[in-house]
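Before any comments, here is the structure.
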Amino acid sequence: MTAQNEEAAQRGGSEPSFPGDSSLPDSGPLLRPSIPSHVDNPARRALLVMAKQPFPGRAKTRLVPPLTSDSAASLYHCFLEDILATVRAAAHLEAFMPVIAYTPAAAFDFFRRLAPDFWLISQDGLAPEAGRALPTGSPTAISTPRPAAATPSPSARTQQESPAHRPGRLADRLQFVLSTVLGCGLRQVAAINSDSPTLPADLLSSAFKRLDHPQVDAVFGPCADGGYYLIGVKKPPGRLVTGVQMSTPTVLRDTLAIASEEDIRVDLLPEWYDVDSAAELNRLSAELAAHPERAPATSRFLTTQWTSTSSSQP
53 MTAQNEEAAQ RGGSEPSFPG DSSLPDSGPL LRPSIPSHVD NPARRALLVM AKQPFPGRAK
113 TRLVPPLTSD SAASLYHCFL EDILATVRAA AHLEAFMPVI AYTPAAAFDF FRRLAPDFWL
173 ISQDGLAPEA GRALPTGSPT AISTPRPAAA TPSPSARTQQ ESPAHRPGRL ADRLQFVLST
233 VLGCGLRQVA AINSDSPTLP ADLLSSAFKR LDHPQVDAVF GPCADGGYYL IGVKKPPGRL
293 VTGVQMSTPT VLRDTLAIAS EEDIRVDLLP EWYDVDSAAE LNRLSAELAA HPERAPATSR
353 FLTTQWTSTS SSQP
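Counting in our numbering, the sequence shown runs from 53 upward without gaps.
So this is what it looks like as structure tokens:
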């Protein structure tokens with residue numbers, strides 16, 4: 053690591069030099085960063101951050117109350133800033149392409165401004181320039197940002213615009229982005245949530261080290277609420293994702309049961325927690341009171357917003 057990269061990793065800055073692969077062709081659903089990469093990614097790995105644009109009323113709604121809709125959206129924006137900084141730091145520990153899997157499709161410009169050093173892919177299977185559904189075949193390429201929109205044939209347009217060809221449920225969207233990125237020529241792809249702002253960078257790098265093991269097919273990072281904060285795979289996950297009812301206390305247990313049925317060899321990372329309730333927000337606040345450096349943007353928000361909100365509660 054160069055001194056410049058080390059400094060960037062420490063401060064979470066968006067310096068150029070994050071892993072990409074210039075050998076990948078130039079058309080398809082995965083959009084290149086606007087800041088070019090200068091670091092090799094010989095293992096052909098990618099880490100996806102599942103993210104949504106922080107609109108009031110659509111982001112962290114389970115934290116309303118105690119937060120207002122506006123405050124919850126602002127808090128989630130801080131989560132994104134801190135998580136992306138963690139991903140940047142992890143990319144220097146274990147080389148991978150940093151990718152934001154975003155929603156809605158209209159959020160392309162927001163995420164391009166937020167993280168110009170990240171690759172982008174729409175969770176919804178829609179192209180950013182015209183709101184078109186992406187082709188549903190097996191994508192094998194990567195595109196430059198905001199390519200000129202091609203006019204699809206009538207049959208292609210029908211297929212692309214059909215709701216049946218666009219992912220809807222979280223499970224379908226997760227399957228879509230993991231499969232699509234793997235189809236672009238990557239060997240290992242992991243995805244994380246955007247609800248765990250203090251997730252340590254070494255857990256992310258550890259996921260890829262474990263996927264390197266020939267006896268491991270998939271890696272999961274368990275959450276304290278019964279779900280998982282990370283999934284890492286070497287091939288499209290299929291029923292590991294689509295066969296499970298998401299957002300329930302038994303997500304990981306049900307996933308591991310399917311893995312057992314299908315002889316998929318799983319390794320588990322250490323447990324962490326996401327923040328979807330007032331109790332988890334209190335836990336986060338306590339952690340950051342002792343260690344604000346773990347999520348600086350979130351810590352600043354909680355110092356000014358959550359402390360006053362929580363102190364006003366009976």
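Heads up, the beta-carbon is just placed ideally off N, CA and C, and yes, glycines get one too.
Whole-angstrom distance between residue j and residue i, CA atom to CA atom
i: L282; j: R97; result: 15 Å
i: E313; j: D319; result: 16 Å
i: S121; j: D161; result: 22 Å
i: F163; j: I310; result: 34 Å
i: R165; j: D315; result: 42 Å
i: L172; j: L145; result: 21 Å
i: A157; j: L178; result: 6 Å
i: D254; j: A103; result: 21 Å
i: D306; j: P322; result: 18 Å
i: V327; j: S246; result: 9 Å
i: K261; j: Q267; result: 12 Å
i: E8; j: L354; result: Given that the chain is displayed from residue 53 to residue 366, the structure contains no residue 8 and the question cannot be resolved.
i: P348; j: L99; result: 22 Å
i: L115; j: M149; result: 32 Å
i: N334; j: D269; result: 36 Å
i: R352; j: Y280; result: 26 Å
i: V302; j: F272; result: Before going further, note that residue 302 is Thr rather than Val in the sequence given. Roughly 14 Å separates the two Cα atoms.
i: A338; j: T356; result: 14 Å
i: E345; j: L336; result: 13 Å
i: A167; j: A159; result: 12 Å
i: D224; j: A243; result: 14 Å
i: G109; j: P117; result: 11 Å
i: T155; j: T138; result: 21 Å
i: L222; j: L230; result: 12 Å
i: L263; j: A111; result: 32 Å
i: L83; j: W358; result: 36 Å
i: M298; j: T113; result: 17 Å
Neighbour-count burial assignment, residue i, 16 or more Cβ in a 10 Å radius
i: Q212; result: Low per-residue confidence applies at Q212: pLDDT is 33, beneath 50, and the placement is therefore not dependable enough to give any value.
i: H343; result: exposed
i: S329; result: exposed
i: T300; result: exposed
i: P85; result: buried
i: T350; result: buried
i: A124; result: buried
i: Q240; result: buried
i: R317; result: exposed
i: P81; result: buried
i: E133; result: buried
i: R140; result: buried
i: Q105; result: buried
i: L308; result: buried
Min CB distance residue i to chain D below 8 Å
i: A153; result: Of the chains in the structure shown, none is chain D; there is only one protein chain.
Whole-angstrom C-beta distance between residue j and residue i, which should lie under 8 Å
i: F170; j: V151; result: 6 Å
i: F228; j: Q175; result: 7 Å
i: L304; j: P274; result: 5 Å
i: Y325; j: A276; result: 4 Å
i: L136; j: L127; result: No, L136 and L127 are not in contact; Cβ-Cβ is about 15 Å, not under 8 Å.
i: L256; j: A142; result: 4 Å
i: A147; j: V101; result: About 17 Å separates the two Cβ atoms, so there is no contact after all.
Beta-bridge pairing of residue i - partner residues as DSSP gives them
i: V271; result: G284 and D319
i: S174; result: Y154
i: W324; result: C275
i: I244; result: V101 and L282
i: M149; result: A98
Exercise for the section: Specify whether the stretch 231-248 and the stretch 285-292 touch according to this definition: at least 3 beta carbon pairs, one from each stretch, less than 8 Å apart. Expected result: Yes, the stretch 231-248 is in contact with the stretch 285-292.
Exercise for the section: Would you check if there are 3 or more beta carbon pairs closer than 8 Å linking the stretch 241-254 to the stretch 290-300? Expected result: Flag = no, the stretch 241-254 and the stretch 290-300 do not touch.
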